[in-house]
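Per the numbering used here, the very first residue in the sequence shown carries number 59; after that it's consecutive.
For glycine and all other residues, C-beta sits at the position ideal for the given N, C-alpha and C.
Small disclaimer: the values here were computed from a predicted structure and weren't measured.
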Amino acid sequence: MKSVKDFIEKKLKLKVNDKKSKVDEPANRKFLGYSFLKRSQRVLIRIASISIAKFKDKVRQITFPTRRRGFLTIIKELTLLIGGWGNYFSLTQTKSSLKDLDGWIRHRLRSYIWQQWRKSKTRYRMLIKFGVSENLARQAAGTGRGAWWVSKSLALTMAFPIQYFDKFGLPRLMGKI
59 MKSVKDFIEK KLKLKVNDKK SKVDEPANRK FLGYSFLKRS QRVLIRIASI
109 SIAKFKDKVR QITFPTRRRG FLTIIKELTL LIGGWGNYFS LTQTKSSLKD
159 LDGWIRHRLR SYIWQQWRKS KTRYRMLIKF GVSENLARQA AGTGRGAWWV
209 SKSLALTMAF PIQYFDKFGL PRLMGKI
């Protein structure tokens with residue numbers, strides 16, 4: 059650490075912050091929102107878990123059901139967030155986290171839509187309108203489960219497949235990279 063610090067400070071004329079600087083295994087460190095994963099003699103760049111948590115918090119703020127925003131406004135806000143975030147983290151080498159986040163965002167949007175419908179009759183009518191069978195729509199609309207649970211159901215994934223959100227221009231994180 060001392061020799062690297064001397065080189066940076068004397069040769070490159072840069073200041074090293076002792077509080078932030080540390081010599082350690084790459085897997086134990088994070089840098090500018092990235093962390094590193096050691097896999098069979100290789101080090102992979104991945105998104106730090108703290109960055110993912112902050113991203114999810116921003117998505118939660120945008121899709122909070124009591125915000126009373128139109129669906130298109132929410133899609134526009136998410137498009138900006140996903141575009142910027144996806145571009146910044148385009149160096150990641152672990153694509154599974156991006157795929158998981160894509161699914162989570164759409165899950166969150168289905169939950170938002172479900173909460174906007176409020177009443178069982180409205181939920182039933184709208185599910186039928188979106189092409190869900192009467193029996194499946196009746197089961198989903200009559201359930202006592204919460205919006206998050208129902209948003210994973212077959213009825214809502216049939217009514218709002220990935221292509222539905224693509225139609226509104228919502229980008230995919232996996233498509234960015």
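Buried versus exposed, by CB contacts within 10 Å (16 or more), residue i
i: Ser-79; result: exposed
i: Val-190; result: buried
i: Thr-124; result: exposed
i: Asp-160; result: buried
i: Thr-131; result: exposed
i: Thr-150; result: buried
i: Ile-220; result: exposed
i: Leu-138; result: exposed
i: Phe-89; result: exposed
i: Arg-203; result: exposed
i: Phe-223; result: buried
i: Arg-100; result: exposed
i: Leu-214; result: buried
Opposing strand residues paired with residue i [DSSP bridges]
i: Leu-102; result: Leu-95
i: Phe-89; result: Tyr-92
Beta-carbon contacts of residue i that lie in its chain and below 7 Å, excluding the five residues immediately before and after
i: Ile-133; result: Phe-226, Gly-227 and Leu-228
i: Ala-217; result: Leu-185, Phe-188, Gly-189 and Val-190
i: Thr-201; result: Val-208
i: Gly-141; result: Pro-229
i: Thr-121; result: Ile-132, Arg-166, Leu-167 and Tyr-170
Nearest-angstrom Cα separation, counted from residue j out to residue i
i: Lys-73; j: Asn-86; result: 23 Å
i: Gln-174; j: Ile-186; result: 16 Å
i: Thr-152; j: Leu-102; result: 7 Å
i: Arg-181; j: Ile-171; result: 10 Å
i: Asn-145; j: Leu-70; result: 30 Å
i: Lys-157; j: Asp-115; result: 18 Å
i: Asp-64; j: Arg-118; result: 45 Å
i: Ala-205; j: Lys-177; result: 12 Å
i: Ile-66; j: Asp-76; result: 12 Å
i: Trp-162; j: Gln-197; result: 23 Å
i: Ser-98; j: Ser-154; result: 18 Å
Residues near residue i by beta carbon distance below 6 Å, same chain, minus five either side
i: Phe-147; result: Ile-105
Beta-carbon contacts of residue i that lie in its chain and below 8 Å, excluding the five residues immediately before and after
i: Trp-143; result: Phe-113 and Leu-231
Practice prompt. Flag this pair as touching only if the stretch 104–115 and the stretch 82–95 have three or more C-beta atom pairs under 8 Å; answer yes or no.
Written response: yes
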